[in-house]
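Line by line, the protein sequences give chains A and P. Residues in the first sequence are numbered from 1 upward in steps of one, following my numbering. Residues in the second sequence are numbered from 1 upward in steps of one, following my numbering. All residues carry an ideal CB built from backbone N, CA and C; glycine is no exception. Read through the structure below, which is laid out as structure tokens, and then see the notes.
2 protein chains.
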Amino acid sequence: MEKTRQKNLPANERRNVTVEAVIDLAATTNPGDITTAAIAKHMKLTQGALFRHFPNKEAIWQAVMKWVAERLMSRIKKAADGMESPLEAMQAMFMAHIAFVSEHPGAPRMLFGELQGAKATPAKRLAHALLKQYAERLNELIETAKSRGELPRELDNQAAATLFIGTIQGLIMQSLISGDMEQMRQAAPGVFAIYRRGIAGTVPEKRGE
Amino acid sequence: MEKTRQKNLPANERRNVTVEAVIDLAATTNPGDITTAAIAKHMKLTQGALFRHFPNKEAIWQAVMKWVAERLMSRIKKAADGMESPLEAMQAMFMAHIAFVSEHPGAPRMLFGELQGAKATPAKRLAHALLKQYAERLNELIETAKSRGELPRELDNQAAATLFIGTIQGLIMQSLISGDMEQMRQAAPGVFAIYRRGIAGTVPEKRGE
DNA sequence: GGAAAGATAGTGACTAATTACTATCTCTAG
DNA sequence: CTAGAGATAGTAATTAGTCACTATCTTTCC
Chain A
1 MEKTRQKNLP
11 ANERRNVTVE
21 AVIDLAATTN
31 PGDITTAAIA
41 KHMKLTQGAL
51 FRHFPNKEAI
61 WQAVMKWVAE
71 RLMSRIKKAA
81 DGMESPLEAM
91 QAMFMAHIAF
101 VSEHPGAPRM
111 LFGELQGAKA
121 TPAKRLAHAL
131 LKQYAERLNE
141 LIETAKSRGE
151 LPRELDNQAA
161 ATLFIGTIQG
171 LIMQSLISGD
181 MEQMRQAAPG
191 VFAIYRRGIA
201 GTVPEKRGE
Chain P
1 MEKTRQKNLP
11 ANERRNVTVE
21 AVIDLAATTN
31 PGDITTAAIA
41 KHMKLTQGAL
51 FRHFPNKEAI
61 WQAVMKWVAE
71 RLMSRIKKAA
81 DGMESPLEAM
91 QAMFMAHIAF
101 VSEHPGAPRM
111 LFGELQGAKA
121 TPAKRLAHAL
131 LKQYAERLNE
141 LIETAKSRGE
151 LPRELDNQAA
161 ATLFIGTIQG
171 LIMQSLISGD
181 MEQMRQAAPG
191 VFAIYRRGIA
201 GTVPEKRGE
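Dropping the structure here:
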């Protein structure tokens, strides 16, 4: 129906809008430099009003991280679901992750920005949990792939998982730097192809040792 | 000469000390949160004195980026020098880069932190130039490797270079997150092995299957 | 050789702007 | 009518940058 241009949003809704505003801002602004005033302005509110819905700034960041974690994991899970081969599933995850990031460039910036901080904030804990969950999921896939003969037994799980995540992070970083998210989408398939060949390729015969 | 415990350093020296202080601080502090007061304190100086040697904060960052760029490129060049095979050279560069970062954890933080900013500061331009130079060097190596038959002609140069840098950035990111730089050194060889197989590996023979 | 003069480096106290956060009043929707 | 949502106008803390002054080195010239 007609959006009644209502000024006063219910608290719950207002919190959602706030989170989206932050993600929006993070697309172009260094997360550490995002002020409560900037957030409020971006959603056409006064700065003080923000604190009716969040006890402090940290709570805002926490809400944002939760949003990112939920959306990203759901996207990735959906992409990998129903895939027969674990290698195909990994490829789907890779692409889904890239797509998500290119739709929400602010998301990785928040993640990285928060994780760099020295002190352990609640938001940081959320980010950590996200990464851990991600790594576990990868490990399962790799193991399944091994048992199906899609990946060689000798493959170093740890290195493979590290490289998977690292590759994505590297792509993100470079897009962040160039400021062009489209570039990432284009580079992704070629990059994953190399990665896939790297883990699947036959390992040189191990003699003796 | 006996180090005369002199308090007043010559301007040039003082600038160097400042840069080192910043790199030092960046190892444990989010670069955006490094204040001029913190820098001054870390080098046992008053805050005001800093501005006798730098016109403003931006100039400090610029000096730091120059330091990082020079040291890193020199290390990498030295490592690759005298290498017969380009693939070996790439491996040496990879390891040298990792070693440099693990010795100066503050360096990548400064780089990434600066590059994330929206506005184009002089420091950011320096960082950009560094990355560009790096990519060019990689491209040359890849081309040479191709002409020597060490890499397949069909390999996508762009993707290979992107993945090389991306892999390093990813490793750095994960070490930054875990706070353990040693981890990166340990993971590096295995990760590079996968990368190398990925670019060099013959595209799987399509025999029957 | 050594004081006087000039140059260089550092101090400590200040400022103007910006920050997260709060107290109080006003409006709006149900 | 009233409770929740927003506006207005604060506060204390922190920030980069300035300034008048002092301490320490270096050069000059008798």
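My understanding is that residue 165 of chain P touches residue 134 of chain P, with C-beta atoms under 8 angstroms, so please give their C-beta distance in whole angstroms.
-> What you label residue 165 of chain P is simply residue 165 of the second sequence in a count that begins at 1. What you label residue 134 of chain P is simply residue 134 of the second sequence in a count that begins at 1. Correct: roughly 7 angstroms between the Cβ atoms.
Are there 16 or more other CB atoms within 10 angstroms of the CB of residue 28 of chain A, so buried, or fewer, so exposed?
-> For the purposes of this step, residue 28 of chain A is identified with residue 28 of the first sequence, where counting begins at 1. Burial call: exposed.
Would you mind giving the Cβ-Cβ distance between residue 97 of chain P and residue 168 of chain P, rounded to the nearest angstrom? I have them listed as a contact below 8 angstroms.
-> Your numbering for residue 97 of chain P matches position 97 in the second sequence. Your numbering for residue 168 of chain P matches position 168 in the second sequence. Yes, they are in contact, since the Cβ atoms of residue 97 of chain P and residue 168 of chain P sit about 6 angstroms apart, within 8 angstroms.
Counting contacts by CB-CB distance shorter than 9 angstroms, is residue 167 of chain P in contact with chain A?
-> As a working mapping, residue 167 of chain P is identified with position 167 in the second sequence. Answer yes: the Cβ-Cβ gap between residue 167 of chain P and chain A drops below 9 angstroms somewhere.
Are the C-beta atoms of residue 126 of chain A and some chain P residue less than 9 angstroms apart?
-> Stepping through the first sequence from its first residue, residue 126 of chain A is reached at position 126. Cβ-Cβ to chain P under 9 angstroms: no for residue 126 of chain A.
Using a C-beta cutoff of 9 angstroms, does residue 173 of chain A count as contacting chain P?
-> As a position in the first sequence, residue 173 of chain A is number 173, starting the count at 1. Yes, contact with chain P.
Is the shortest distance between the beta-carbon of residue 206 of chain A and the beta-carbons of chain P less than 9 angstroms?
-> The residue given as residue 206 of chain A occupies position 206 in the first sequence. Its pLDDT being 40, under 50, residue 206 of chain A is placed unreliably in this model, and the value from its coordinates should be taken loosely. Chain P contact via Cβ: absent.
Exposure of residue 125 of chain A, with buried meaning 16 or more beta-carbon neighbours within 10 Å | The count along the first sequence starts at 1 and reaches residue 125 of chain A at position 125. Exposed.
7 angstroms CB neighbourhood of residue 40 of chain A in its chain, flanking five on each side removed = Here residue 40 of chain A corresponds to residue number 40 of the first sequence, with the count starting at 1. Closer than 7 angstroms at Cβ, skipping near neighbours: 46, 47, 49, 50.
For the alpha helix (DSSP H) containing residue 157 of chain P, list its first residue and its last residue.
-> For the purposes of this step, residue 157 of chain P is taken as residue 157 along the second sequence, with counting starting at 1. 157-178 is the extent of the alpha helix (DSSP H) around residue 157 of chain P.
Could you run through the segment 17-42 of chain A and flag, in chain order, every residue whose CB is less than 9 angstroms away from some CB of chain P?
-> 28, 29, 30, 31, 32, 33
Quick one: is the Cβ of residue 59 of chain P within less than 8 angstroms of any heavy atom of the ligand GDP?
-> Ligands are entirely absent from the displayed structure, and the ligand GDP is therefore not among its contents.
Specify the secondary structure class of residue 33 of chain A as computed by DSSP and reduced to three states.
-> Your numbering for residue 33 of chain A matches position 33 in the first sequence. Correct three-state label for residue 33 of chain A: helix.
Anything in chain P within Cβ reach of residue 98 of chain A, meaning under 9 angstroms, just list it in chain order.
-> Position 98 of the first sequence holds residue 98 of chain A. Near residue 98 of chain A there are no residues of chain P at all, since even the closest Cβ is about 12 angstroms away, more than 9 angstroms.
Check whether the Cβ atoms of residue 92 of chain P and residue 101 of chain P sit closer than 9 angstroms, and answer yes or no.
-> Within the second sequence, residue 92 of chain P is the residue found at index 92, counting from 1. Within the second sequence, residue 101 of chain P is the residue found at index 101, counting from 1. It is not a contact, given that the beta carbons lie outside the stated cut-off.
Taking residue 123 of chain P as the reference, which of P:69, P:36, P:89 has the closest Cα?
-> Here residue 123 of chain P refers to the residue found at position 123 when the second sequence is read from its first residue. Ranking P:69, P:36, P:89 by Cα distance to residue 123 of chain P puts P:69 first.
Pair within 9 angstroms by beta-carbon distance, residue 196 of chain A and residue 90 of chain A = The count along the first sequence starts at 1 and reaches residue 196 of chain A at position 196. The count along the first sequence starts at 1 and reaches residue 90 of chain A at position 90. Contact: yes.
Grab me the residues of residue 42 of chain P's own chain with a C-beta within less than 8 angstroms of its C-beta, minus the 5 sequence neighbours each way, in chain order.
-> For this step, residue 42 of chain P is matched to residue 42 along the second sequence. Cβ within range, chain order: 21, 24, 25.
On a CA-only basis, which of P:186, P:200, P:120, P:112 is nearest residue 145 of chain P? Give me that one, please.
-> Position 145 of the second sequence holds residue 145 of chain P. For residue 145 of chain P, the nearest C-alpha among the options comes from P:200.
Which of the three DSSP states, helix, strand or coil, is assigned to residue 120 of chain A?
-> Along the first sequence, one-based indexing puts residue 120 of chain A at 120. Coil, per DSSP.
Can you list, in chain order, the stretches of the alpha helix (DSSP H) that have 4 or more residues and sit fully within the segment 48-86 of chain A?
-> 57-80
In whole angstroms, what separates the C-alpha of residue 59 of chain A from that of residue 74 of chain P?
-> Walking along the first sequence from the start, residue 59 of chain A turns up at place 59. Walking along the second sequence from the start, residue 74 of chain P turns up at place 74. Using only the alpha carbons, I get a separation of about 44 angstroms.
So, does the CB of residue 162 of chain P fall closer than 9 angstroms to a CB anywhere in chain A?
-> Residue mapping note: residue 162 of chain P aligns to position 162 of the second sequence, counting from 1. Yes - at least one Cβ of chain A is within 9 angstroms of the one on residue 162 of chain P.
In whole angstroms, what is the alpha-carbon distance linking residue 116 of chain A and residue 105 of chain P?
-> Translated into the one-based positions of the first sequence, residue 116 of chain A becomes position 116. Translated into the one-based positions of the second sequence, residue 105 of chain P becomes position 105. Straight-line Cα distance between these residues: approximately 12 angstroms.
Measuring alpha carbon to alpha carbon, tell me which of P:111, P:184, P:152, P:157 ends up nearest residue 176 of chain A.
-> Taking the first sequence and counting its residues from 1, the one referred to as residue 176 of chain A is at position 176. The option with the nearest alpha carbon to residue 176 of chain A is P:111.
Looking at residue 174 of chain P and residue 162 of chain A, is the spacing between their C-beta atoms short of 9 angstroms?
-> The sequence position of residue 162 of chain A within the first sequence is 162, counting from 1. The sequence position of residue 174 of chain P within the second sequence is 174, counting from 1. Result yes, Cβ atoms of residue 162 of chain A and residue 174 of chain P sit closer than 9 angstroms.
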